[in-house]
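Here is the structure we will look at.
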Amino acid sequence: MELLVSSFLSLQSDIGINYLEAFPKVQHGAAKAAPTILLLHGFPTSSSQFSRLIPLLTDQGYHVLAPDLPGFGFTSVSPNYTYTFANLAATISSFLAAKNISEVAATYIFDYGAPVAFRLFTKHNLKTKAIISQNGNAYDQGLGAFWDPIRTFWTNNSASIREELRPALLTYDPTKWQYTNGESPDRVDKINAAATYERDYNLLLRPGNQDIQLDLFYDYRTNVELYPEWQAWLSRQKLPLLAIWGKNDEIFVSPGAEAFKQDLPDAVVKFVDGGHFSSITWAEEIAAEIVKFLKDAEV
Numbered sequence: 001m002e003l004l005v006s007s008f009l010s011l012q013s014d015i016g017i018n019y020l021e022a023f024p025k026v027q028h029g030a031a032k033a034a035p036t037i038l039l040l041h042g043f044p045t046s047s048s049q050f051s052r053l054i055p056l057l058t059d060q061g062y063h064v065l066a067p068d069l070p071g072f073g074f075t076s077v078s079p080n081y082t083y084t085f086a087n088l089a090a091t092i093s094s095f096l097a098a099k100n101i102s103e104v105a106a107t108y109i110f111d112y113g114a115p116v117a118f119r120l121f122t123k124h125n126l127k128t129k130a131i132i133s134q135n136g137n138a139y140d141q142g143l144g145a146f147w148d149p150i151r152t153f154w155t156n157n158s159a160s161i162r163e164e165l166r167p168a169l170l171t172y173d174p175t176k177w178q179y180t181n182g183e184s185p186d187r188v189d190k191i192n193a194a195a196t197y198e199r200d201y202n203l204l205l206r207p208g209n210q211d212i213q214l215d216l217f218y219d220y221r222t223n224v225e226l227y228p229e230w231q232a233w234l235s236r237q238k239l240p241l242l243a244i245w246g247k248n249d250e251i252f253v254s255p256g257a258e259a260f261k262q263d264l265p266d267a268v269v270k271f272v273d274g275g276h277f278s279s280i281t282w283a284e285e286i287a288a289e290i291v292k293f294l295k296d297a298e299v
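Oh and the sequence shown: position 134 is 134 in the UniProt record's numbering, straight run, nothing missing.
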């Protein structure tokens, strides 16, 4: 693998996208012709969640690009930026345009990356030849009990509900829980606390960031409303899709993986014995499934 580079791209005076990018080793000067995999991260992390997965993919000949969404990592936006999933997708669309990317070989969708990606596909004309969903949901069946108190929030965006959710979602213990829940002790040992949940928690403590996250939890209702549109798009496009999920995830539960077969009967559905952040704890196994899937799909 070429050196994994953390870069910063200014889109305009008040918006800059932090991102990770890596190319395969140069072979006859053709590294930049390598097929691109776009990796879209989730809450409460950033492109850093893919630090174990990226080298495994570039070693197999792929160019990998992973931006930090607005509100996460080190991407910066205007103080007046409105944090909605529609705006997150629009900002990432502008980033891809600045990188001269209108089509990718595959899009890896995880958690919040799923609604961003589906908006890119359906609203911003991003073309993808395949989709890899790692606990990236597009069906009601995939919403676990984790979402029950947030559903109440969707119907009552009051100050009191927001304050109830703040400690339940945005403090240290629930941040760590997202990484460790559903993992066996030997897999938890693969998690570098300083580079994962401790880092995420420290970034959540930035002034105003918790309110940004609550705004996005509230706006998530708009994604659920769009599920039927995204499902119809999947049915029309007939894209190759791999759903490779941590089966013990309590946020986006395993029936959400199986649900893709409703619209894509040929979808490949696989499970690892992990939790929400299986891209870290099961990186080698997931990378192997991705490479096999893309080769089988001739992507």
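Glycine included, C-beta positions come from ideal geometry on N, C-alpha and C.
Remember, predicted model here, so these are calculated numbers, not experimental data.
- Our two residues, residue 147 and residue 251, have alpha carbons roughly 7 Å apart in a direct line.
- Inter-segment contact for the stretch 236-253 and the stretch 216-226 is absent: fewer than three beta-carbon pairs are separated by less than 8 Å.
- Just so you know, the alpha carbons of residue 222 and residue 183 end up roughly 31 Å apart.
- Per the Cβ contact rule, the stretch 75-87 is not in contact with the stretch 48-57 (fewer than 3 Cβ pairs under 8 Å).
- At least 9 Å separates the beta-carbon of residue 9 from that of residue 127.
- Membership of residue 250 in any alpha helix (DSSP H) is not indicated, and neither H nor E is assigned to it by DSSP.
- Proximity of the stretch 122-137 to the stretch 63-79 falls short of the contact definition, fewer than three beta-carbon pairs being nearer than 8 Å.
- One Cα belongs to residue 71, the other to residue 48, and the distance between them is close to 14 Å.
- Its chain contains 85, 223 as the residues whose beta carbon lies nearer than 7 Å to that of residue 115, once the 5 sequence neighbours on both sides are disregarded; these appear in chain order.
- Annotation: the continuous alpha helix (DSSP H) that includes residue 98 extends over 85-98.
- Boundaries of the alpha helix (DSSP H) around residue 116: 113-123.
- Contact between the stretch 256-263 and the stretch 223-240 is present: 3 or more CB-CB pairs across the two stretches fall below 8 Å.
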